[in-house]
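Protein chains: 2
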Amino acid sequence: MRSCRFVFAVHVLAVLATRQPSSCSSIALAQTVNTNPVVIRRLLIDLQAAGLIGTIRGPRGGAYLAMPPDQITLFEVRCAVDPPTAFGLHPQSPAPSCPVGGRIRAVMKQVQDQVLGAMERELTGITLADVVCRLQACADPRP
Amino acid sequence: MRSCRFVFAVHVLAVLATRQPSSCSSIALAQTVNTNPVVIRRLLIDLQAAGLIGTIRGPRGGAYLAMPPDQITLFEVRCAVDPPTAFGLHPQSPAPSCPVGGRIRAVMKQVQDQVLGAMERELTGITLADVVCRLQACADPRP
DNA sequence: TTGATTTGTAACCGAATCGATTACTTTAAA
DNA sequence: TTTAAAGTAATCGATTCGGTTACAAATCAA
């Protein structure tokens, strides 16, 4: 997963958290992230579908947090914008005649689920409020 | 990380573990994985650099395990063939004038390190011997 | 009602990644 | 000497992804 959609999303949500409860346009968000507004709007659509933010069309519109920052975990953010993948699996079916090839896919699927579970536990332990706190360089609540 | 180098590497090592102590050619390995021998040889180079396998050139050559399967963890395998990344970071510098933009990179680097640490703990807990065991559908030693 | 502003969305581009492939060199066993 | 295998360079094609342009839809204010 080399996409930076996740860090962009956390960045955007952190800005919205500091702007609460007023909204922020995709243009302004794109400037802080240093990317194109359409890239931000595509993210906003996914974050909105996940119920993390709301958007307002028209003049003075923009995006706003739909939830208090301490109730948004980074796991939810990741789920909203990235596919649940830790590493790629076999693109072609391995040789079924080989004892390894016949079963390796199921085993590696298990391994991936274990790894994703570990990532979930870690990301569930970090809220958007924690991120905002770290941004302000206050004491890390989870040392 | 969408590359399947990691699953290919585990697949190859599992085959070598069942073939111990004799060696196995990249052609034979490529057949079980269902890919091209050069793809396998590129993997073998990385696994060899990590000290996990050895290779023999010439007729009757091939790759062999350099270590007992219960001393090879999936974390070592992953380190050998994949960069230590959980998600992409900001490609362009965020706006330093924004309070979020100025610090978000460092914070997300921390988050990535936490996630990588969780992945490391999970993958360190699975050895190549465990994988071989799971391939044989015996009771999972780590339920 | 009109104009301005903003989201939503489609289309496309260019760079990067990656597995696959061909071809060749190097090594070493029989 | 022949043959089989690793090592390696070069290239191809598909896919992904951020970036960009353009435009439609919505909504607010004058």
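Residue numbers (my numbering), protein chains in the order written: chain A, 1 to 143; chain B, 1001 to 1143. Yeah, the Cβ is synthetic: ideal placement off N, Cα and C, and Gly gets one too.
Could you check how far apart the C-beta atoms of Ala-1049/B and Ile-1040/B are, in whole angstroms? I think they sit under 8 Å. Approximately 15 Å separates the beta-carbon atoms of Ala-1049/B and Ile-1040/B; this is outside 8 Å, ruling out the contact.
Give the DSSP-derived three-state secondary structure of Cys-1024/B in the structure shown. In the structure shown, Cys-1024/B falls within a strand segment according to DSSP collapsed to helix, strand and coil.
Cutoff 8 Å: Pro-1143/B Cβ touching any chain A Cβ: Interpretation of Pro-1143/B is limited by its pLDDT of 41, a score under 50 that renders its predicted location unreliable; the figure taken from the coordinates is listed afterwards. Not an interface residue.
Looking only at its own chain, which residues have a Cβ that is under 7 Å from the Cβ of Gln-1020/B, when we skip the five neighbours before and after it? Result list for Gln-1020/B: Leu-1065, in chain order.
Name the two residues that bound the continuous beta strand (DSSP E) containing Gly-1054/B. For Gly-1054/B, the enclosing beta strand (DSSP E) begins and ends at 1053-1056.
By Cβ distance below 7 Å, which residues in the same chain neighbour Phe-75/A in space, the five residues on each side in sequence not counted? The residues are Glu-120, Leu-123, Thr-124.
Can you tell me whether Ala-14/A is helix, strand or coil according to DSSP? Ala-14/A carries a helical assignment under DSSP once its states are collapsed to helix, strand and coil.
Could you tell me which whole beta strand (DSSP E) segments of length 3 or greater appear in the region 1042-1118 of chain B? Listed in chain order, the complete beta strand (DSSP E) runs (minimum 3 residues) inside the region 1042-1118 of chain B are 1053-1056, 1062-1065.
In chain A, which residues lie with their C-beta within 9 Å of the C-beta of Gly-1101/B? The answer, in chain order, is His-11, Val-15, Gln-31, Thr-32, Val-33, Asn-34.
Environment of Asp-130/A [buried if 16+ CB atoms lie within 10 Å]: Answer is buried; the Cβ neighbour count reaches 16.
Among Asn-1034/B, Asp-1113/B, Ala-1014/B, Ser-1026/B, which residue has its Cα nearest to the Cα of Arg-1042/B? Of all alpha-carbon atoms in Asn-1034/B, Asp-1113/B, Ala-1014/B, Ser-1026/B, the one lying nearest the alpha-carbon of Arg-1042/B is that of Ser-1026/B.
Mind checking if Leu-74/A is an interface residue toward chain B, Cβ cutoff 8 Å exclusive? At a cut-off of 8 Å, the C-beta of Leu-74/A has a neighbouring C-beta in chain B.
Take every Cβ of the region 67-74 of chain A, pair it with every Cβ of the region 1006-1016 of chain B, and state whether three or more of those distances are shorter than 8 Å. The region 67-74 of chain A, when compared against the region 1006-1016 of chain B, does not touch it at the 8 Å Cβ threshold.
For Gln-1110/B, return the contacting residues in chain A, with the cut-off set at a CB-CB distance below 8 Å. Those are Arg-134, listed as they occur along chain A.
Taking contact to mean at least 3 C-beta pairs separated by less than 8 Å, is the region 1079-1089 of chain B in contact with the region 1049-1061 of chain B? Flag = yes, the region 1079-1089 of chain B and the region 1049-1061 of chain B touch.
Segment limits, alpha helix (DSSP H) that includes Arg-134/A: Residues 128-135.
With distances taken between CB atoms, is the gap from Val-111/A to Val-1015/B smaller than 8 Å? In this structure, Val-1015/B does not lie closer than 8 Å to Val-111/A by Cβ.
Flag this pair as yes or no: are the beta carbons of Ser-23/A and Ile-56/A separated by less than 8 Å? Yes; because the gap between Cβ atoms is below 8 Å, this pair is in contact.
Whose Cβ in chain B lies nearer than 8 Å to the Cβ of Arg-2/A? Listed along chain B, the residues sitting closer than 8 Å to Arg-2/A by beta-carbon distance are Met-1001, Arg-1002, Thr-1085, Phe-1087, Gly-1088.
Three-state secondary structure assigned by DSSP to Arg-1178/B: Because chain B here runs from 1001 to 1143, residue 1178/B falls outside it and cannot be looked at.
Cross-chain neighbours of Pro-1091/B in chain A, by beta carbon under 7 Å: Proximity of chain A to Pro-1091/B at the Cβ level (cut-off 7 Å) is accounted for by Cys-4, in chain order.
Measure the alpha-carbon distance for Leu-1089/B versus Gly-62/A and round it to whole angstroms. Distance between the alpha carbons of Leu-1089/B and Gly-62/A is about 25 Å.
Interface flag, Thr-1018/B vs chain A, CB-CB below 8 Å: Yes, Thr-1018/B counts as interfacial toward chain A.
Hey, out of Asp-1113/B, Met-1001/B, Val-1033/B, Arg-1002/B, whose CA is closest to Gln-92/A's CA? Among Asp-1113/B, Met-1001/B, Val-1033/B, Arg-1002/B, the Cα nearest to that of Gln-92/A belongs to Val-1033/B.
Given that Pro-94/A touches chain B, what residues does it touch there, using C-beta distances under 7 Å? His-1011, Thr-1032, Val-1033, Asn-1034, listed in chain order.
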